[in-house]
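Asker:
Numbering (full-length UniProt numbering), first residue to last: 1 to 359.
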């Protein structure tokens, strides 16, 4: 189903959909290897990040996302990945990669929280069902907002099958389905409202790479920081200031180049913080493969030893490397910004924002 203003054919998965598909398959293979059998064991699923009733009390917030990349059987992953490809392609094409990922992970987290807070007794679940239900909910929201025009039969069949499976299969976590579906609808509606109001709030329409990079930086900060109210308020203020600063920069000649440089610096500092915090813990516990040739093993041991003994220098090297790699990866945008002496790129961003009329 290719949904623009009318229904069409199957949509080939785009960047985020394909990446999520690949990560899910890879993680499933790792859980199989860890389990040593044809089906992942509960112990392996728990170690890899299954969500359970006591996760929040133990501050294991990472499980709110990790559980969605785990699956309990081959049938489980096949059905979820089929839904991801079938529904994710049209949604990502319609709303863009960054908004698609925002809807996806909001649905993942909402599905987990719904299960934790509504399940009586012990709770243990894995799977991308909440996320895929959120994708379906977002498509329904776009239909109700008249942003797409798929046939009503599409929603009747797919939502109907979801309901039937949820109640007939005892192991299906219908709470995660429901929470994810509601979150997908809500997030899609909020994004549509933002895009309608954006011309009054923002000068420019952000290129997709900026939104994705900001999302990655936000995820890193959320992982590194605690969840105290004060930290959340400060983080929100900084995020708003950063977004507005980029908005102002993009409206100026060569502002795109400055934005790329700032993002490169942000990436470098974020990765540097991760290295500084994890280096003392991770490097002493690295186990080299037994089949490594002697010279390679010796070189790696020397490298690990240097990194452990000189953490500051090692971190600075990583910071410089990430900064350079970001500039290299974003070179087309950087070059475009450097050549924008007359402000044509800036004028284009402002014009795109002025044409915004929702998703």
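A virtual CB, placed ideally from N, CA and C, is assigned to each residue, including glycine. All values reported here derive from a predicted model rather than from experimental measurement.
Applying the criterion that 16 or more other CB atoms from any shown protein chain within 10 Å of the CB defines a buried residue, is residue 192 buried or exposed?
Answerer: Counting from 1 along the chain shown, the entry for residue 192 is found at position 192. Buried, by the Cβ-count rule.
Asker: Counting C-beta neighbours from all protein chains within 10 Å, is the total for residue 200 16 or more, i.e. buried, or is it exposed?
Answerer: Here residue 200 refers to the residue found at position 200 when the chain shown is read from its first residue. Classification for residue 200: exposed.
Asker: For residue 94, is the classification buried or exposed, using 16 other Cβ atoms within 10 angstroms of its Cβ as the cut-off for buried?
Answerer: Taking the chain shown and counting its residues from 1, the one referred to as residue 94 is at position 94. That one is buried.
Asker: Pick out whichever of 140, 152, 55 has its Cα sitting closest to the Cα of residue 185.
Answerer: For the purposes of this step, residue 185 is identified with residue 185 of the chain shown, where counting begins at 1. Nearest C-alpha to residue 185: 140.
Asker: Does the segment 46 to 58 touch the segment 109 to 116, meaning 3 or more C-beta pairs lie closer than 8 Å?
Answerer: Yes, the segment 109 to 116 touches the segment 46 to 58.
Asker: Could you check whether the Cβ of residue 269 sits closer than 8 Å to any heavy atom belonging to the ligand MN?
Answerer: With respect to the ligand MN, the structure offers nothing, as it holds no ligand at all.
Asker: Taking the CB atoms as reference points, tell me whether residue 135 and residue 99 lie closer together than 9 Å.
Answerer: Here residue 135 refers to the residue found at position 135 when the chain shown is read from its first residue. Here residue 99 refers to the residue found at position 99 when the chain shown is read from its first residue. Cβ distance not < 9 Å, so residue 135 and residue 99 don't count as in contact.
Asker: In or out: residue 226 buried (at least 16 other Cβ within 10 Å) or exposed?
Answerer: The residue you call residue 226 lines up with position 226 of the chain shown. Residue 226 is exposed by the Cβ-count criterion.
Asker: May I ask you to verify whether the segment 155 to 166 touches the segment 198 to 215, counting CB pairs closer than 8 Å and requiring at least 3?
Answerer: Taking 8 Å as the limit for Cβ pairs, the verdict is that the segment 198 to 215 does not touch the segment 155 to 166.
Asker: By the three-class DSSP mapping on this structure, what secondary structure does residue 124 have?
Answerer: The count along the chain shown starts at 1 and reaches residue 124 at position 124. Of the three classes helix, strand and coil, the one that applies to residue 124 here is strand, per DSSP.
Asker: I need the DSSP call for residue 77, collapsed to helix, strand or coil.
Answerer: By 1-based counting over the chain shown, the position of residue 77 is 77. Reduced to three states, the DSSP call for residue 77 is helix.
Asker: Residues in its own chain within less than 6 Å of residue 48 by CB, not counting five upstream and five downstream?
Answerer: Here residue 48 refers to the residue found at position 48 when the chain shown is read from its first residue. Excluding positions up to five away in sequence, the list reads 31, 70.
Asker: Under the assumption that residue 142 contacts residue 83 (Cβ atoms under 8 Å), give the Cβ distance between them as a whole number of angstroms.
Answerer: Numbered from 1 along the chain shown, position 142 holds the residue referred to as residue 142. Numbered from 1 along the chain shown, position 83 holds the residue referred to as residue 83. That belief does not hold up - the Cβ atoms of residue 142 and residue 83 are roughly 17 Å apart, past 8 Å.
Asker: Between the beta-carbon of residue 249 and the beta-carbon of residue 340, is there less than 9 Å?
Answerer: Sequence index remark: in the chain shown, residue 249 carries index 249 (1-based). Sequence index remark: in the chain shown, residue 340 carries index 340 (1-based). Taking 9 Å as the Cβ cut-off, residue 249 and residue 340 do not qualify as a contacting pair.
Asker: Only counting the same chain, and skipping five residues up and downstream in sequence, which positions put a Cβ closer than 6 Å to that of residue 28?
Answerer: Numbered from its first residue, the chain shown carries residue 28 at position 28. Taken in chain order, the residues that qualify are 71, 77.
Asker: Return helix, strand or coil for residue 51, following the three-state DSSP convention.
Answerer: Locating residue 51 in the chain shown gives position 51, counting from the first residue. Residue state, collapsed to three classes: strand.
Asker: Could you compute how far the alpha carbon of residue 60 sits from the alpha carbon of residue 127?
Answerer: Taking the first residue of the chain shown as position 1, residue 60 is located at position 60. Taking the first residue of the chain shown as position 1, residue 127 is located at position 127. Rounded to whole angstroms, residue 60 to residue 127 spans 17 Å at the Cα level.
Asker: How about residue 108 and residue 180: are their beta carbons less than 9 Å apart?
Answerer: Sequence index remark: in the chain shown, residue 108 carries index 108 (1-based). Sequence index remark: in the chain shown, residue 180 carries index 180 (1-based). Yes, these two residues count as a Cβ contact at 9 Å.
Asker: Kindly indicate the opening and closing residues of the alpha helix (DSSP H) around residue 210.
Answerer: Within the chain shown, the letter at position 210 stands for residue 210. Where residue 210 is concerned, the enclosing alpha helix (DSSP H) stretches over 208 to 224.
Asker: Can you give me the C-alpha to C-alpha distance between residue 212 and residue 156, rounded to a whole angstrom?
Answerer: Numbered from its first residue, the chain shown carries residue 212 at position 212. Numbered from its first residue, the chain shown carries residue 156 at position 156. If I take the Cα positions, the gap works out to 33 Å.
Asker: Of the residues 74, 233, 337, which one's Cα is nearest the Cα of residue 253?
Answerer: On the chain shown, residue 253 is found 253 positions in, with the first residue counted as 1. Nearest C-alpha to residue 253: 337.
Asker: Compare the Cα-Cα distances from residue 419 to each of 85, 268, 68 and report the closest residue.
Answerer: There is no way to answer for residue 419, as the model of the chain reaches only from 1 to 359.
Asker: Just to confirm, is the Cβ distance from residue 80 to residue 132 under 9 Å?
Answerer: Within the chain shown, numbered from 1, the residue matching residue 80 stands at position 80. Within the chain shown, numbered from 1, the residue matching residue 132 stands at position 132. In this structure, residue 132 lies closer than 9 Å to residue 80 by Cβ.
Asker: Who are the Cβ neighbours of residue 345 in its own chain at under 7 Å, not counting the five residues just before and after it?
Answerer: By 1-based counting over the chain shown, the position of residue 345 is 345. 256, 336, 337, listed in sequence order.
Asker: DSSP state of residue 39, grouped into three classes?
Answerer: As a first step, residue 39 is located in the chain shown; it is residue number 39 there, counting from the start. Of the three classes helix, strand and coil, the one that applies to residue 39 here is coil, per DSSP.
Asker: Should residue 137 and residue 182 be called a contact, given that it needs their Cβ atoms to be closer than 9 Å?
Answerer: Residue mapping note: residue 137 aligns to position 137 of the chain shown, counting from 1. Residue mapping note: residue 182 aligns to position 182 of the chain shown, counting from 1. Cβ distance < 9 Å, so residue 137 and residue 182 count as in contact.
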